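Undergrad: Pasting a structure below so you can have a look.
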Ligand code: GUN
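Following this line, the structure appears as C-alpha cells:
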C-alpha cells in the first residue's frame, strides 16, 4: 500500500489561509485587527529562529505583530511587569513568552506563564486553559497538538474508535494531545521514559504520536503496518542536520501516513499560533 506523506506545508497553508479570512472578517465586522506579542528573553539561537517564523506568520495572515526582545539577564519582576503591560494593551490579543527562559528565571516559569491573562494565553499553558481543555470547555489549546488534530481532520483521517499511542507526557505536547484525541473518541495510551515493553504498546497504535525529543527513537519494529505516524520531534544533530523522533527511512514504508521532519508538524505549530491569536481576539470581542 502507498504511504501518504502528510506535508506540513500544505496543511499549514490551509490553516493560515483560514486565519487570514477570519482576520479580514474581524476587521470588517468589528474594526479589530488581532494582535500578537512575542516576548523573547536572551539570545537562544533556536528561539530566535522560531520567533522570526512567528513574525512571518503574522505578516502572512494580516495579524498585528510585536516582538519584545529582553536582555539575557532580565529579572522576574521586569518580565512580569512587561506581561502586565501587554495584558492591558488593547492592540494585543495574544501573548507568548518564548521558552526556554534563561537560567536565572527558569525556576519561575510557572509563575510567569500564569501571569498571562488566560484570554490572551495563545500557548494554552495557563492552568485555566489546561483545565478547560480537560473538561471539554472552550479553551486556548497548545499550538503543536492542536495543529496535529487539525491536520488529521483536514487529511480525512478518522480518530474516533482508533487506538492512539502517544510517546511523551509533556505539558506542551503529550498531555494536551491525549486530551484532544480523547475528546474525539480515540482510545488513548500515553507512554513515557518509564514505560515497560514500549514497542509492544506502540505496535498496537493506529495513530502513533512521537514527542520524545530523541533523534530516530521510533524504529520500524515499533510501528504497525498502515499506522498513521505523527513526528513532533525537532532534533538538531551534531552535523547540523534537522531530524525528528522517527527514523523516517525505515518507518515510512510501513506507515499508512507519516509527517516528515523538517516540513511537518513544525509548520503546523506556527499556523496554529495564528489561528489561536484570531480565536483569542474573538474571545476578547465577546
Ligand atoms: N519553545 C518551544 N516550543 C514552544 C512553544 O510551543 N511555546 C513557547 N512559548 N515556547 C516554545
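Residue numbers (our numbering): 80 to 365. Cβ coordinates follow ideal geometry from the N, Cα and C atoms, glycine included. If you're wondering where the values come from, they're calculated on a predicted model, not measured in any experiment.
#1: Can you give me the Cβ contacts of residue 327 inside the same chain, cut-off strictly under 8 Å, excluding the 5 residues immediately before and after it?
#2: So, for residue 106: in the same chain, excluding its five sequence neighbours on each side, which residues have a beta-carbon less than 7 Å away from its beta-carbon?
#3: For residue 154, which option in 263, 266 and 182 has the closest C-alpha, if you only look at C-alpha atoms?
#4: Can you say whether residue 202 is buried or exposed, counting buried as having 16 or more other CB atoms within 10 angstroms of its CB?
#5: May I ask you to list the residues that DSSP assigns as paired with residue 270?
#6: Kindly list the residues whose CB is nearer than 7 Å to the CB of residue 86, restricted to its own chain and excluding five residues on each side of it in sequence; keep chain order.
#7: Hey, residue 222 and residue 352 are a contact pair by Cβ (cut 8 Å); roughly how many whole angstroms apart?
#8: Taking only the alpha-carbon atoms, compute the straight-line gap between residue 117 and residue 322 and give it to the nearest angstrom.
#9: Hey, would you say the C-beta of residue 219 is under 6 Å away from at least one heavy atom of ligand 1?
#10: Out of 233, 114 and 249, point me to the one whose CA is closest to residue 168's CA.
#11: Do the segment 163-178 and the segment 130-145 touch if we need at least three Cβ pairs shorter than 8 Å?
#12: On the criterion of 16 or more Cβ atoms from any shown chain inside 10 Å, does residue 241 qualify as buried, or is it exposed?
#13: Quick check on DSSP: helix, strand or coil for residue 297?
#14: Ends of the alpha helix (DSSP H) at residue 292?
#15: Kindly indicate the opening and closing residues of the beta strand (DSSP E) around residue 148.
#16: By Cβ distance, which residues of its chain are closer than 6 Å to residue 66, with the 5 residues on each side in sequence left out?
#17: Straight-line CA distance for residue 91 to residue 100?
#18: Heavy atom of ligand 1 less than 6 Å from the Cβ of residue 123, yes or no?
TA: In brief:
#1: On the chain shown, position 248 is the one that residue 327 refers to. These residues qualify, in order along the chain: 310, 337, 339 and 340.
#2: As a first step, residue 106 must be located in the chain shown, where it is residue number 27. Excluding sequence neighbours, residue 106 sits near 112.
#3: Numbered from 1 along the chain shown, position 75 holds the residue referred to as residue 154. With distances taken between Cα atoms, residue 154 lies closest to 182.
#4: Taking the first residue of the chain shown as position 1, residue 202 is located at position 123. Classification for residue 202: buried.
#5: The count along the chain shown starts at 1 and reaches residue 270 at position 191. Partner(s): 246.
#6: Working through the chain shown from its first residue, we reach residue 86 at position 7. Excluding sequence neighbours, residue 86 sits near 342.
#7: Counted from its first residue, the chain shown places residue 222 at position 143. Counted from its first residue, the chain shown places residue 352 at position 273. Their Cβ separation, rounded to whole angstroms, is 5 Å, which keeps residue 222 and residue 352 in contact under 8 Å.
#8: Locating residue 117 in the chain shown gives position 38, counting from the first residue. Locating residue 322 in the chain shown gives position 243, counting from the first residue. Cα to Cα, residue 117 sits roughly 26 Å from residue 322.
#9: Sequence index remark: in the chain shown, residue 219 carries index 140 (1-based). For ligand 1, not one heavy atom lies less than 6 Å from the Cβ of residue 219.
#10: As a working mapping, residue 168 is identified with position 89 in the chain shown. Minimum Cα distance to residue 168 is reached at 114.
#11: yes
#12: Within the chain shown, residue 241 is the residue found at index 162, counting from 1. With 16 or more Cβ atoms within 10 Å of its Cβ, residue 241 is classed as buried.
#13: Numbered from its first residue, the chain shown carries residue 297 at position 218. Of the three classes helix, strand and coil, the one that applies to residue 297 here is strand, per DSSP.
#14: As a first step, residue 292 must be located in the chain shown, where it is residue number 213. Counting along the chain, residue 292 falls outside any alpha helix (DSSP H), and DSSP gives it neither H nor E.
#15: One-based indexing of the chain shown puts residue 148 at position 69. Per DSSP, residue 148 belongs to the beta strand (DSSP E) from 143-149.
#16: Here the chain has residues from 80 to 365 only, and residue 66 is not among them.
#17: Your numbering for residue 91 matches position 12 in the chain shown. Your numbering for residue 100 matches position 21 in the chain shown. One C-alpha to the other measures close to 14 Å.
#18: Here residue 123 is taken as the residue at index 44 of the chain shown, counted from 1. Not under cutoff, so the answer is no.
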